[in-house]
Every structure is written in structure tokens, then in C-alpha cells.
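Presented below is the structure to which this report refers.
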Amino acid sequence: MNEEFDDFLVSALAPPGRDPDRHFVRQVQARVLLEEYLEARQRSVLAGLARQLAVLVVVAVPMWWLSRAAPIAFWLAESPALALASLLTGFLFLVAMLTVRPGISVGFFQEN
Amino acid sequence: MAPGNDEDLALSRRAAAGDHGAFALLVEKHERPLRAFLSRTFGVQHADDIAQDAFLKAWRGAGQYDGRARYSTWLTRIAWRCRIDAVRREKAPEADDFGSTNVAASTAEVADMLGRLTERERASLVLCEGHGWTHAEAAELLNIPLGTLKSTVARAKARCRAMWQGAA
């Protein structure tokens, strides 16, 4: 009786004898690819943010430095409207530079 | 290194280097026992989700597999932690369908027997009786002393035997 039960238990709990489940394998592969794509996308976004920050610093620091020069400070005080227009132009230029984004070349969806 | 691990170690190293084909071979080789264990222990409805999470983590950590344990042992440990994380995160309800993966055994009978055991008893019994794990391997997975594991297996087996004899 005990031996019969042991045989029953072992056969009942053993992994099934079947071929690999290709559908499951494909599901896992799809998740792996998706994860890689998302990681690449995240890296790309972070790199873009770093680039934009660098551009901001590159543009803002010289402008600040220039505005401290005596002739410029005098001009800003004498012609505030013109100074404001210049400031707006500079701001628009900055916005244009920051909004130009390089293409993301991960190609996950094109490949799959 | 445990015998027979060379192939899995080589595949895992290739996977760590980004080889999707090598990882697919590992999934093909190990999905059957892993999913059988998970469906027996945690229920059919949770098994595939946990198995997918485990394989994803195995892909991420492919470089960490050093071949000292069997790949299936390493993978099952990952799956076990995935289940613990899922329970903590979602307070997942107790599974109630431990459907048979073996057509030779009576599906309802086995599912009923397993359903009356605790999760730890099910895991111990399935690994040690059905999957050929050593008591030491199962004790390490479940993070319990070897003696506790042995008594857990014996208790689970005795309960199943009583149910089986009662049903016969």
C-alpha cells in the first residue's frame, strides 16, 4: 500500500513529460525585448535631459556674464524695451534649441 | 560545480553577453519543471506570471549564475522570491487550483490533496518527491533548517497518504 502510494505521489508530482512550450518561450522573449527597449528609451531620455541642461548652461552663463559688462548694463538701463525684446529673442532661441531632439534609434518596433 | 551544469553555465554566460538565442534555449529547457512546481505550489493562475517574472530576472542576472548550483535550483530560488515579493506587493489571495500537470495522475485527487496542505508543505513535497531535489536544496530555497524541512516533507506526505487512503 505504502509503495503504491509512493509511486502515485512521485508520478503525480513529477514535471509533465511534454515538449517545450514555444508559446511561453516567445512570451518570455517578448518581455525581454520589451525590457531592453524600455531601458534603451530611458537611457535616451536621460541623455537628452543631460544635453538640454548642458545647452542651457552654455547659453545662460555667457549671457549672464555679458549682462554684467558695464556698457551692456548701461544699455539695459537706458532702453528697457529693447532689452526686453532682446531677452525674448534670446529666450525663443533657447527654447528652439532645447526642443530640437535627436531621433531615438532603438528600432524595437521596427524590428519586431 | 554540480555535474551537468556546464551547458547551462555556458548558455547563461552567452545570455549575459546579450545572446537572446542562448537564453531562449535556457527557457525551453527549464520552463516545464519550473511551471510545474509553481502551479503545484502556488496555483495554476499564478504560475505563469511568476515564471515569466523569474525568467526576466534570470535574464537580467544571467551574469550572476556561477554554476555552483543547478540552473533549475538557481531559477527556482528566483521564482520563490518573485512570489514572496508579489504577495508583499499585492497581498495575493491564496491559490485554490493546483491542477495536475501529469495526465497519468488523477487531476482532481492531486489538486485536492495539495490544496489541503500549507504553501510550505506543498513546496517541500513537490520539490523533494516530484522533482528530485535533495532535502538540503529544498531547505535552502525555503530558508528553513534541514530538520524542519525533513519533518515538513514527512508531515505533508503523511497527510497526503491519509487523504489518499481515505479516498481509496
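Residue numbers (numbering that gives the first Met the number 0), protein chains in the order written: chain A, 0 to 111; chain B, 0 to 167.
Beta carbons: idealized from backbone N, C-alpha and C, even for Gly.
Bear in mind the structure is a predicted one, so any value in this text is a computation, not a measurement.
| Check | Outcome |
| --- | --- |
| What do you get for A/S78, buried or exposed, if any count of 16 or more other CB atoms within 10 angstroms of its CB means buried? | exposed |
| Let's see if you can read the secondary structure: which residues bound the alpha helix (DSSP H) around A/Q51? | 21-66 |
| Using a beta-carbon distance cut-off of less than 9 Å, what residues from the stretch 16-29 of chain A approach chain B? | G16, R17, D18, P19, D20, R21, F23, V24, R25, Q26, V27, Q28 |
| Confirm, please, whether the CB-CB distance from B/F54 to A/T9 is below 8 Å. | First, the amino acid is wrong: residue 9 of chain A is Val here, not Thr. Not in contact: A/V9 and B/F54 (Cβ atoms no closer than 8 Å). |
| Please confirm whether B/A103 has its beta-carbon closer than 8 Å to some beta-carbon of chain A. | In this prediction, B/A103 scores a pLDDT of 47, lower than 50, which makes its location untrustworthy; no coordinate-derived value is stated. |
| Roughly how many whole angstroms lie between the Cα atoms of A/L75 and A/T88? | 15 Å |
| Can you tell me whether A/A13 is buried or exposed, with buried defined as 16 or more other CB within 10 angstroms of its CB? | buried |
| Measuring only between beta-carbons, confirm whether B/L124 sits less than 8 Å from chain A. | yes |
| Note down the Cα distance separating B/T72 from A/T98, rounded to an integer number of angstroms. | 50 Å |
| Within a Cβ cutoff of 6 Å, which residues of the same chain sit near B/A103, ignoring the five residues on either side of it in sequence? | For B/A103, the predicted model reports a pLDDT of 47, less than 50, meaning its position is unreliable and no value from the coordinates is stated. |
| Just to make sure I have the definition right: I need the residues of chain A whose C-beta is within less than 7 Å of the C-beta of B/E27. Which are they? | P19, V24 |
| Check this for me: beta carbons of B/L10 and B/L33, under 8 Å apart or not? | no |
| How long is the line joining the alpha carbons of B/M162 and B/G42, rounded to whole angstroms? | 20 Å |
| Going along chain B in order, which residues have a C-beta closer than 7 Å to the C-beta of A/A39? | The premise fails here: A/A39 is roughly 12 Å from chain B at the closest Cβ pair, so nothing lies under 7 Å. |
| Can you give me the start and stop residues for the alpha helix (DSSP H) that B/I83 sits inside? | 70-89 |
| Does the Cβ-Cβ distance between B/L148 and B/H130 come in under 8 Å? | no |
| A/E34 versus chain B: which residues are under 7 Å apart at the beta carbon? | L55 |
| Which residues of chain D have a Cβ atom closer than 7 Å to the Cβ of B/H45, listed in chain order? | The chain labelled as chain D is not found among the protein chains of the depicted structure, namely A and B. |
| Comparing the C-beta of B/G66 with each C-beta of chain A, is any distance below 8 Å? | no |
| Looking only at its chain, what residues have a beta carbon closer than 8 Å to the beta carbon of B/L8, apart from the 5 residues adjacent to it on each side? | M0, Y64, D65, G66, Y70 |
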